[in-house]
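Here the structure is laid out as structure tokens; the discussion comes afterwards.
Residue numbers (mature numbering (1 follows the signal peptide of the UniProt record, and there is no 0)): -19 to -1, 1 to 397.
In structure tokens, the structure reads:
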């Protein structure tokens, strides 16, 4: 298995440098005529691209011509993210078909009574690489490799850790300095290889749109710029695949949408409780709170009463439609802000955010698929995000494992 480190980007220049050397006039020699070699007939590859925080209505605003074209050529619908509508739980749902309660990735930040020495935090360089957090479900790249097929991951959440003792055939440590173009060039480089070392599945994580919309809001020029840059990078990938004669099934999704933050709807925890009375893991539209020993009644009384822009539940009373609350990593109390609100100590700094109710229209996630294995269809139904997993598995040619998906999206999208 190949472990690529940050310096591996220099390898991109190698194929081009070698080609330049071969094509140099000074190196040309006269040889006897030979029959031209037939071009390789390449088997289709499958590329799953997640554009974090990409709202479906970012399409067709003049900023996404390549995505718009792929949507017209293939299948398009919207996805209902899993609860909570956060990045790590939903990327695990995409790649395993498991809801957060079943995968164990129940939030971006969480605690586990069985791992008392560590807090999981998605931006921490240590905890996301610890295999103890990732034992709840098998990601598709592991299933694919068990079937004898190569799979690569480009910064996909959860791909820095061994899973069942395995790593992807090709993978990278997360580095936010890699822009969308660079990330997709890694994928292209792995697909460019000879058949015996070519990845048949590559999953790619792009976060430029999410970062721009958090910082600036959903209608800001900076967010539109991020959409244009991601779209251009995907267009370059599509063109390069065509130029090398490589058929590809592209599945392009987001993990959730994004909503504009209304600071006046903030639920400031500092006005409700002293900070010493509770442990806060996640905060934002979705907050997870554990009372400190001896403060249980105080915290429950303060949070579980009615609030104007927030509702809180003990974990055993989370509404059943969220399919959440039975995993031991779920905090004692879950709070959810109303649309545009936040639950946190102090005032919000984000102008855009996610974590709201998965049925909030602003949380809807993108789905586009195009390629030789994809039917042309505009699907009115909104599919649960876990349905992407069996679709991608079937496109690669492996049987999906048992999951929380029904296979309905795959049945609707795969060409007959």
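Glycine is no exception: its CB is placed at the ideal position from the N, C-alpha and C atoms.
Under the 10 Å beta carbon count, residue 134 is surrounded by 16 or more other beta carbons and is classified as buried. Per the coordinates, the alpha-carbon of residue 234 lies some 7 Å from the alpha-carbon of residue 346. Under the DSSP assignment, residue 122 falls in the alpha helix (DSSP H) whose first and last residues are 121 to 127. The three-state secondary structure of residue 65, taken from DSSP, is coil. Put simply, the backbone Cα of residue 88 is about 44 Å away from that of residue 22. Following the DSSP letters along the chain, one finds residue 153 inside the beta strand (DSSP E) bounded by residues 151 to 153. Selection 304, 259, 290 evaluated against residue 296 yields 304 as nearest (Cα-Cα). With contact defined as three or more Cβ pairs closer than 8 Å, the region 384 to 391 and the region 260 to 267 are not in contact.
Going by beta carbons, residue 238 and residue 344 fall inside the 7 Å limit.
Rounded to the nearest whole angstrom, the C-alpha separation of residue 136 and residue 167 is 10 Å.
Following the DSSP letters along the chain, one finds residue 338 in no beta strand (DSSP E), marked with neither H nor E.
Contact between the region 364 to 380 and the region 71 to 85 is present: 3 or more CB-CB pairs across the two stretches fall below 8 Å. Its chain contains 27, 29, 121, 232 as the residues whose beta carbon lies nearer than 7 Å to that of residue 373, once the 5 sequence neighbours on both sides are disregarded; these appear in chain order.
Per DSSP, the continuous alpha helix (DSSP H) segment holding residue 190 begins and ends at 189 to 197. Looking at the DSSP output, residue 233 sits in a beta bridge with 30, 349. Non-local beta-carbon contacts of residue 293 in its own chain, meaning distances under 7 Å to residues more than five positions away in sequence, involve 284, 285, 314, 315, 316 in chain order. For residue 370, the enclosing alpha helix (DSSP H) begins and ends at 369 to 377. By the Cβ neighbour-count rule, residue 236 is buried, with 16 or more other Cβ atoms within 10 Å of its own. Residue 182 is bridged by DSSP to 27, 132.
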